[in-house]
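In what follows, a structure is listed as structure tokens, so that the remarks can point back to it.
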């Protein structure tokens, strides 16, 4: 009981948030809007768009055979990593692009979609396995009951 009073007293002396801080206005929205409106942000968006266009251009300059090889490799690497339950960072590592791969457009969306697919697939397999084990257990139990003649009901 004394410990609780001591802790409460300590909290009263040193509040988690200074009451004066609560009185100040929150400028986060204003600061973010200023960033979005800034020349630096517009330059970054332009640079990003150019990077995307350059990457797509490089892809379409490949021969059909090279495109198929690239797609086959990327799909294999991604599906293998995701089926093993990798993280977003682990996927980048499997693709050999960590940490720069963090900025690849839509990689997180692809990771989330594949993770969900393989997670659901594993959950279905686990459920089927559990149901099979339960069926096997019930069959063995019913066989024992029938052999001993202890029960008239088998199901």
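Residue numbers (the working numbering): 20 to 174.
The C-beta atom is built at its ideal place from N, Cα and C for all residues, glycine as well.
Compute the Euclidean distance between the alpha carbons of residue i and residue j, then round it to the nearest angstrom.
i: residue 94; j: residue 40; result: 51 Å
i: residue 148; j: residue 154; result: 10 Å
i: residue 113; j: residue 96; result: 7 Å
i: residue 85; j: residue 77; result: 11 Å
i: residue 162; j: residue 152; result: 15 Å
i: residue 57; j: residue 64; result: 11 Å
i: residue 53; j: residue 139; result: 42 Å
i: residue 143; j: residue 111; result: 27 Å
i: residue 136; j: residue 69; result: 32 Å
i: residue 71; j: residue 150; result: 48 Å
i: residue 126; j: residue 145; result: 28 Å
Going by DSSP in three states, residue i sits in which element: helix, strand or coil?
i: residue 33; result: coil
i: residue 38; result: helix
Comparing the C-beta of residue i with each C-beta of chain C, is any distance below 8 Å?
i: residue 101; result: Of the protein chains in this structure there is only one, and it is not chain C.
- Query: Looking at C-beta atoms only, is the number of pairs between the region 102-112 and the region 45-55 that lie closer than 8 Å three or more?
  - Reply: no
- Task: Could I get the ranges of all uninterrupted alpha helix (DSSP H) runs contained in the region 67-102, with 4 residues as the minimum, in chain order?
- Result: 83-102
- Task: Taking only runs that begin and end inside the region 101-147, name each unbroken alpha helix (DSSP H) of 4 or more residues, in chain order.
- Result: 107-114
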